[in-house]
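For the record, the sequence lines run as chains Y and A.
Residues -15 to 620 in the numbering used here are what the first sequence spells out, letter by letter.
Residues 27 to 309 in the numbering used here are what the second sequence spells out, letter by letter.
Backbone N, C-alpha and C define an ideal beta-carbon position, used for all residues, glycine too.
Every value quoted in this text rests on a predicted model; they were computed, and no experiment measured them.
Written below as structure tokens is the structure these notes are about.
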Amino acid sequence: MPSPAPPSTAAPQSTATPASTATPQSTPPPPKSVLYLTAARIDFYYDSFLLEADGNVRLRTSDGFTVSGDSFSMDLKNNRYLLAGHVTLHDATGTVKGAAISDFLDFRRIYFVPVTGEPDRWTFLDGDLAHPVKGRVMPDDAFYFPVIVQRPSLTAGGAVIDTRTYVRFVNSHTYVAGLPIPLGTDVVNFSSNPYFAQNSLSGASADLTWTVAGSPNALTALHLRYDPTYYLYGSIEQHLVGDHEYAIFSVNPATRAEKWWNLKLYEALGSRFQIQSFTQYYAQQDWLRLPASAQQTTWLNAVYAFPHSYVQATSQLTNYNVLGPGALELPNSIAGNLSHPSQVAISASSFQNRIADLPLFEQIFEGYGFNHDSVGAAQYLNGMPPYWPQGGRAFAPIPIPGLQAYGAPCTEQPSKYYTYYCPVYTTIWDTVFGFTFFTPALKLNAAPSPYETYYFNASFTKQYQWNSLPHWIGTDTTSFSISRQFARWVNTYLGYQIMNTGDYYIQGGYQPCAPVGTTYCPESLTSFRGVSTLRTTSLGMNFVPDPDFNASLLVRHHDDFPIPVPGVFSMPPNNILGQPLYSWYLGQPPYDATGDVRARILPHMLLDVSRTFYWYGNPYRTEFWQPNFVIQLLPI
Amino acid sequence: MTRWPISLAVIALAVALLAAGSSIVVSGQLLAYQDGYVFFTTGDGFRVASNVVIRDAKTGAATSLVPGPRIWARATFDPSGTVTELDLSRAPLPPEGSFADVAHFAVALSTPVPNPDLLRALQTPVPGSGVPAVQQFSGEPVLVTFIVQVPPNTPFTSSVYITTDASAWYAQAIPMDRVDALHYQITRRYPSGTVFRYLYDRGSFQSVEVAQNGLTRPPRNLTVGNADVRVIRDTVYAWQDAAAGGVSQPQPQIMPTPYNPAPFPNLPPGIPPPQPPPAKPPS
């Protein structure tokens, strides 16, 4: 035998092909096999997808043979296994004893060391166990065990391995702080099909997933999650996956009164067309009792690809009160309003095209939309609270139809408490046109070292939206940045962005701010007529002294119109992790600084902690922290 | 009188040197120990003397360890190629000797036959034949830097991540750092030979990258070759949740707001809704 190559090391995220693995060229992919494994102890290592078993190992394969031995090792990603020590190979043609057997499943080669009086070397080609090729030289690493230094992710008494897809462990235990936690059946999916990862869950600070059932095309998972909004809760998710389609269903949280039921569907029809949908049903209900409130939205999207562009049609149907008008009746109504807007949009977008030989790219898009709501939404009633007047005063469901109320107060006001505006549009057609120019990274100097080189980026995006009511919106965004990497472990950038948004009405438009109650109208709001300018200067720094540790700091200064004044503008809502839902908004504090630290705390786990500090500077000198740290545990 | 002990010492030394030169010591990991043979993970089987001595590799004393799979051993061969001593350890032993020196002691009934699979791997493909050369990997760590250019409409406050099949497609598996208005970057260390598939996303599969033609794109493939450093430059053309001019996909646990073609959702209540100009007084 040639001199041995170093043993393959089980490295994080590695599906390393061991050194000098010279294997036959794979022609058509082999059929998938199912392996049934039992042993005194089976260990699984999640970070390297290694399966190790010792003691009275028995392996039955869907290829029609059984093997027993002392120790078993399988690299799930490389799709090969080894069984060694007092091996007995049994199939329809008979039984042979030996020292070790190694099956390279992808290449349909089985390497066997029989002991028939004396050792020998046999190779079984293409699953033919009746006709071994004797004496054939074997790959150097055919019988190597991986070197493992970490503790197993879970242990089990049995496993069913569907090659290239999943392992179902039986009588399994996982470990937390060294203590075993029984899981019973647990499934680990290691398919390279990303459809298995499609999910309909929101983000969470931490998520412990127990995959209780699985097959080549399905996965059932229970989640124990934590986030700053719902705290600790349980969720359930079901995946059904094919080569060109998937269906995902979930309830999240499943153990809180506020439940979100999600269904996500996708189908690729040929190489140019795909269709997908996402349906979300929100219910406020204790367990599965009659909901006190229910909303639903369905999003449909179809895309057709052309050689240099694509067209997509999108529709969204939302029903803000699935329970009907009765659910609005006082005194216990929390069911929202009766609006059920529907939207349809067709848009076309070009590819990114280079302009001549210039370092300049362009992309254009346009679209047509139809929006309709015969009922209307509370947000168009100035001063209307989001749900219902407090205090128990009898009040009918909102009678004003339409998508947008445009105009002066209605001549007849149905309420003496709130102001209704007329006329109201129940249908709005719109046309969208936009384009983008951008430059990729341009070198600003011819420095001898990449660590002394400055790069320049710029982009400009313009979008128009013309609505069928006498109204159009124009937005343009211009960005510049200069960046430099000072060393392998530190880089910085200085960016400047201007975003202009104009909300224009053909006749009339925004009126000067007028104090309402205790509302204060600062000077810039008094002169505001629907055009805003947001200028942001950013300084970002990243420190990466080691791939396992990262710290970044982003400091921004906003010079906006209308000028932000503390307490005048409302802050945007946060997402479930406590981060602002919008990337920009009127009234954002003039300064903010965000620090983010990431560190690997376990071989397969990152901890990410970030928080933002906001301050106004002169003359207000108001400052505040983001309400909470954003903490996430990220499996890697 | 003094010559007698000196001669004795010289003879003893010569005997010791001869004895030392006749034995070969090789360390490695055991594959099996059965039927009078010891097998190493090279696949080679060697005869074991009936009176083989088994010791602890670290202390040299007797050991309760039993030779078998996964156990590391230092094997001493006599001049006939029989293993006369095995020093065992659960931990890897430092490399000692070479299996090339004892390969001719390995017992095999059949005469070695070349393996066409392996020969094909060693051959250099004919230029222009279209047959790819077989890559060999050392397993040494490689610093891999990913640099991705994102679409210009990527929100400035967005985080960008790499999701891989090695982490079961967890969407936030590898957080990246923004390095300028259009680029994100991250450096990771992988052993050469690492193979995985990956995609870029903005924190979830609702915001995963899509192909330039708007369709779901297949994952990218990465095979880390032998190198000290590798830089990978990719381009994301669009995000699934930020299609230009379209209706955005709703986010989980966020019911979309009703359609309202007014771009300022958080104006203070002091600003009334847009309205027509006041009617001119009759002239």
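Whole-angstrom distance between residue j and residue i, CA atom to CA atom
| i | j | result |
| --- | --- | --- |
| G296/A | A194/A | 51 Å |
| V186/A | P201/A | 6 Å |
| Y364/Y | Y405/Y | With a pLDDT of only 44 at Y364/Y, under 50, the local geometry of the prediction cannot be trusted, and the value read off the model is given with reservation. About 8 Å. |
| N558/Y | M589/Y | 26 Å |
| P130/Y | P200/Y | 27 Å |
| P531/Y | K248/Y | 35 Å |
| L387/Y | Y569/Y | 22 Å |
| T503/Y | V174/A | 46 Å |
| P178/A | S452/Y | 29 Å |
| F290/Y | L167/Y | 49 Å |
| D576/Y | Y598/Y | 4 Å |
| R338/Y | Y263/A | 13 Å |
| N534/Y | Q182/Y | 28 Å |
| A682/Y | L208/A | Residue 682/Y lies beyond the stretch modelled for chain Y, which goes from -15 to 620, so this question has no answer here. |
| G123/A | G54/A | 9 Å |
| R472/Y | Q616/Y | 26 Å |
| P105/A | R25/Y | 40 Å |
| S255/Y | P245/A | 15 Å |
| S230/A | T100/Y | 57 Å |
| Y215/Y | Q301/A | 44 Å |
CB contact check: residue i to chain A, cutoff 8 Å
| i | result |
| --- | --- |
| F199/Y | Residue identity check: residue 199/Y is Ser in the sequence provided, not Phe. Not an interface residue. |
| P381/Y | Confidence in P381/Y is poor, its pLDDT being 41 and thus under 50, which makes the residue's placement too unreliable to answer from. |
| Q374/Y | Caution is warranted here: a pLDDT of 45 is assigned to Q374/Y, below 50, making its placement in the model unreliable, and no coordinate value can be reported. |
| A378/Y | Because the pLDDT of A378/Y is 42, which lies under 50, any placement of that residue in the model is unreliable, and the number read from its coordinates should be weighed accordingly. Closer than 8 Å: no. |
| H70/Y | yes |
| N303/Y | no |
| W244/Y | yes |
| Q397/Y | no |
Residues sharing a beta bridge with residue i, DSSP
| i | result |
| --- | --- |
| V171/Y | R152/Y |
| F621/Y | A query on residue 621/Y cannot be resolved here, the shown segment of chain Y reaching from -15 to 620 and no further. |
| R256/A | V170/A |
| G524/Y | Y477/Y and L538/Y |
| K243/Y | A267/Y |
| T510/Y | Its beta-bridge partners do not exist; DSSP assigns none. |
| I615/Y | V593/Y |
| T190/A | Y224/A |
| I457/Y | Q449/Y and D487/Y |
| I26/Y | A37/Y and A140/Y |
Short CB-CB distance (under 8 Å) between residue i and chain Y
| i | result |
| --- | --- |
| F172/A | no |
| R100/A | no |
| F131/A | no |
| I80/A | no |
| T108/A | no |
| S53/A | no |
| T189/A | yes |
| A253/A | no |
| R215/A | yes |
Closest by C-alpha distance to residue i, when choosing among the options
| i | options | result |
| --- | --- | --- |
| Y65/Y | G418/Y, G101/Y and L34/Y | L34/Y |
| V581/Y | G571/Y, P573/Y, Y575/Y and D592/Y | D592/Y |
| H324/Y | V262/A, P294/A and M281/A | M281/A |
| G226/Y | A202/Y, F233/Y and S234/Y | A202/Y |
| A188/Y | S219/Y, F180/Y, Y179/Y and G254/Y | S219/Y |
| S299/Y | S516/Y, F262/Y, T596/Y and K446/Y | F262/Y |
| T67/A | P548/Y, F127/Y and Y480/Y | F127/Y |
| E235/A | V64/A, T180/A and Y285/A | T180/A |
| T50/Y | H74/Y, L67/Y, S32/Y and F28/Y | H74/Y |
| R56/A | P95/A, L91/A and V255/A | The question names Arg, yet the displayed sequence has Leu at residue 56/A. That would be P95/A, whose Cα lies nearest to the Cα of L56/A. |
| S137/Y | W194/Y, L185/Y, R93/Y and A190/Y | W194/Y |
| T437/Y | C505/Y, V295/Y, T476/Y and T410/Y | T476/Y |
The ligand SAM heavy atom lying under 7 Å from the CB of residue i
| i | result |
| --- | --- |
| L342/Y | With respect to small molecules bound, the structure shown includes none, and the ligand SAM cannot be examined in it. |
Quick one: any contact between the segment 136 to 147 of chain Y and the segment 109 to 119 of chain Y, if contact means 3 or more CB pairs under 8 Å?
no
Quick test of the definition: if touching needs 3 or more C-beta pairs under 8 Å, does the segment 99 to 116 of chain A touch the segment 43 to 60 of chain Y?
no
Say whether the segment 468 to 483 of chain Y touches the segment 491 to 507 of chain Y, bearing in mind that this needs 3 or more beta-carbon pairs closer than 8 Å, one atom from each stretch.
no
Quick check: the segment 413 to 428 of chain Y against the segment 205 to 225 of chain A, are at least 3 beta-carbon pairs closer than 8 Å?
yes
Specify whether the segment 112 to 123 of chain A and the segment 75 to 86 of chain Y touch according to this definition: at least 3 beta carbon pairs, one from each stretch, less than 8 Å apart.
no
Check whether the segment 290 to 304 of chain A and the segment 231 to 251 of chain Y are in contact - that is, three or more C-beta pairs closer than 8 Å.
no
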